[in-house]
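Residue numbers (our numbering): 425 to 1274.
So this is what it looks like as structure tokens:
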């Protein structure tokens, strides 16, 4: 049973004014109610009708009753809302009368718009469905491959290359590989085996990013270029000074750290002893600072080092009101004597410290009387260490009197601690305000590397112990000084790693400077790497992959600036080990192959055969190569082998020419020529209009022959059989050109001149069939096409003779001679038919002339 709404039961006022106000309200209610209807985002999904169904429904609507008056089905739609249908009808009429609704359009126009819309929608749906199906099919196929196929892709690659005849060494160039075997029995490993140098890490650096970065890059590149020039001339080059000049233009804190790091490294040139270098640098730096303060606050007296230190003490240990900051200082003649001795030691002025102690001996306390003896022994020893007999006494005095003195001078404790290496369990000095540099200096003064087994544990303090303290503190404890601390403490590899966090381009050049000074522990085995891509642990030591540092740096400019990239990659061999030299050569081979800038990097061959060297050949002395031939073999020839392995035949060809392996060049050209002649359709030209002498084998071969034959020195390096094969193939190319323009007699004459086919008699046919297997592989490949050309020419010539009106005995003799050649060629083809493609023999049968 259904409920029906009687529109006549409505009691509302239907006056025009009331209706207009009500209509707005009713329409608002309809809009709100419509929001509850299912949408395309509804879980109910969308209703999609076919085009035919839409046509049917539109047609039914047209045939129905007047839409404006038949509200029967609308009653059910609006029944639940309590909305009388008459009100809706009246509201619509009122709106229409006020031209608030669109006027109806002609029926035919409506039908046309619907048709257009439906056609467009249909096309859109079809395209969308096709796109979705293709996407699903691709995804399903990828899933199927991943789940069901387990292939040895390296093996498949070789099989595919062999099937398509793409320069596979073991198949196409047996003679070539035999030639190479004794020269390079161990070929290098390459990037596709996981050992790539130029593409082994990630970098955010882009030297072409903006003007400022590019300007810095070019400034550094000029320094490296001049650095390599002077190295090549075996002269010294102030690399660190040049790098400092490049950094001096910046004024930020990072730049200042890098600048000071370069200055530290400049002081490390004369010694590999980390502790000695660090103490010397810190003492010189302190003395320079003292001198600077003295010049700002000139006092009476001569500018001696002792007076300068006294001036420094006045500036640092006195308050603004001229009172001393310490209450327990020991004064002699108004001078804090122990502070003076301490800061003289801090400045490395040992003789001056001893002088002060001698001049004030009478003023020392009773417990301090033996101090002068200890200081003399300390200053006079070569390594500035206390002799054993004095060390024990000093330690006893320190423990009994100096350390336990409650009101003792803190600088006296510091002096005793430093010269006697006392109480190493507590390395810091209380009550004395120390800068980072002071703190470092005290630790370096306490370090003893030559620790004996008999030394007590509490007296053992080595450089590695101090390095562990530095790394445990990290960068946060040394604000704006961590890079310098790492360098001073001999943690050079970590210094490079930290420098990367500040500026990659500067870090690279800092690494170059360190490598030039032989400070870096370099290795390329990063299987146990920790930290960054460049620094890792091996045999309990930090190592840096210097080759990767430079290779990664060249990433962003190796294509735009290959010459500069080469200058940087040459620096890999700065670390003069066989491993690094080989890595340098490998990186340069990769650069050659990736950029293909053969002329810039390797040079070129002029038309007269003379060689113009490239960047790498000019720098061969920096590559640890003895002579030019070794350079050619190490760099160019190995790059050629790689290009050959990758199927880059034209790169391979150019590289072998640059390496002066002219015989191999001719062999490769012969292979290209043979493939072109054997695989190009006889109706197609061998040289296209838009081809040039760098891509077309025929044009390449002509250029090679002209150079090699004219130059006797080059000609001697090419085997005669290879030269003969090349010339023969070029003659066949001329025959193909005549064949293409239907010059049958010329074609036949040119082929006969090659003496590859039996033109004379049956004996010749049998003889040539017997000799067929001994022919050069490149000649064997062209025989099938050669036979087809001969038979086609004979067929066309006989046809032309038979169709001519001219009759004579000579004509008949000519036809018989042509048929004789045809029979000889068919006999020859029959004897070698199983060594030719089946379709070739079938074509010959069709062309056979009885």
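Even glycine gets a Cβ: it sits at the ideal position worked out from N, Cα and C.
*Look at the alpha carbon of residue 1062 and the alpha carbon of residue 962, and state the distance between them as a whole number of angstroms.*
31 Å
_Suppose contacts are defined by Cβ-Cβ distances below 8 Å. Is residue 621 in contact with residue 938 by that definition?_
no
*For residue 1071, which of helix, strand or coil comes out of DSSP?*
coil
_Beta-carbon proximity of residue 739 to residue 757, cut-off 8 Å_ = Not in contact: residue 739 and residue 757 (Cβ atoms no closer than 8 Å).
_Residues sharing a beta bridge with residue 946, DSSP_ = 968
*beta strand (DSSP E) containing residue 959: first to last residue?*
959-962
*asked:* I'd like to know whether the C-beta atoms of residue 1093 and residue 1133 end up nearer to each other than 8 Å.
replied: Their beta carbons are not under 8 Å apart, which means residue 1093 does not touch residue 1133 by this criterion.
*8 Å Cβ shell around residue 851 - same chain, five flanking residues per side excluded*: 866, 867, 870, 885
*Looking only at DSSP bridge pairs, what is residue 1035 linked to?*
1029
*asked:* Suppose you measure from the CA of residue 1260 to the CA of residue 1230; what does that come to, to the nearest Å?
replied: 39 Å
*Buried or exposed for residue 1177, please, with buried defined as at least 16 other CB atoms from any protein chain shown within 10 angstroms of its CB.*
exposed
_Can you check which of these residues, 940, 927, 772, 764, is closest to residue 696 by C-alpha distance?_
940
*Status (buried if at least 16 other CB within 10 Å, exposed otherwise) for residue 855*: Classification for residue 855: exposed.
*List the residues that DSSP assigns as beta-bridge partners of residue 742.*
Residue 742 pairs with 748.
*Kindly indicate the opening and closing residues of the alpha helix (DSSP H) around residue 923.*
916-926
*For residue 691, which option in 670, 714, 679, 663 has the closest C-alpha, if you only look at C-alpha atoms?*
It is 663 whose Cα lies nearest to the Cα of residue 691.
*Identify, in the order they occur along the chain, each residue of the same chain with its Cβ nearer than 7 Å to the Cβ of residue 1086, setting aside the five sequence neighbours on each side.*
1132, 1138, 1141, 1142
*Determine, using beta-carbon pairs with one atom in the region 828-844 and one in the region 797-807, whether at least three such pairs fall under 8 Å.*
Under the Cβ criterion (8 Å, minimum of three pairs), the region 828-844 counts as touching the region 797-807.
*Would the beta-carbon of residue 997 fall within 8 Å of that of residue 1005?*
yes
*residue 847 versus residue 772: straight-line alpha-carbon distance, rounded*: 22 Å
*Coil, strand or helix - residue 621 by DSSP*: coil
*Flag this pair as touching only if the region 964-971 and the region 636-643 have three or more C-beta atom pairs under 8 Å; answer yes or no.*
no
*From residue 1038 to residue 707, what distance separates their C-alpha atoms?*
48 Å
*Limits of the alpha helix (DSSP H) - the one that residue 1239 falls within*: 1233-1255
*Grouping DSSP H, G and I as helix and E and B as strand, with all else coil, what is residue 994?*
helix
*Please determine, among 986, 834, 732, 1047, the residue with the shortest C-alpha to C-alpha distance to residue 1020.*
In terms of CA proximity to residue 1020, 986 leads the group 986, 834, 732, 1047.
*Is the Cβ-Cβ distance between residue 972 and residue 624 less than 8 Å?*
yes
_Simplified DSSP assignment, three categories, for residue 871_ = coil
*Could you say which of 1248, 1206, 1163 lies nearest to residue 1109 if we only look at CA atoms?*
1163
_Can you tell me which residues form a DSSP beta bridge with residue 759?_
Looking at the DSSP output, residue 759 bridges to 756.
*CB of residue 920 within 8 Å of CB of residue 935, strictly*: One thing to note: residue 920 has its Cβ within 8 Å of the Cβ of residue 935.
*Within 8 Å, strictly: CB atoms of residue 1125 and residue 1150*: yes
*When DSSP labels each residue in this structure, what does residue 715 get in the three-state scheme?*
helix
*Give the DSSP-derived three-state secondary structure of residue 827 in the structure shown.*
coil
*Output the boundary residues of the alpha helix (DSSP H) element that contains residue 771.*
It is not in any alpha helix (DSSP H) - residue 771 carries neither H nor E in the DSSP assignment.
_Straight-line Cα distance separating residue 817 from residue 809_ = 14 Å
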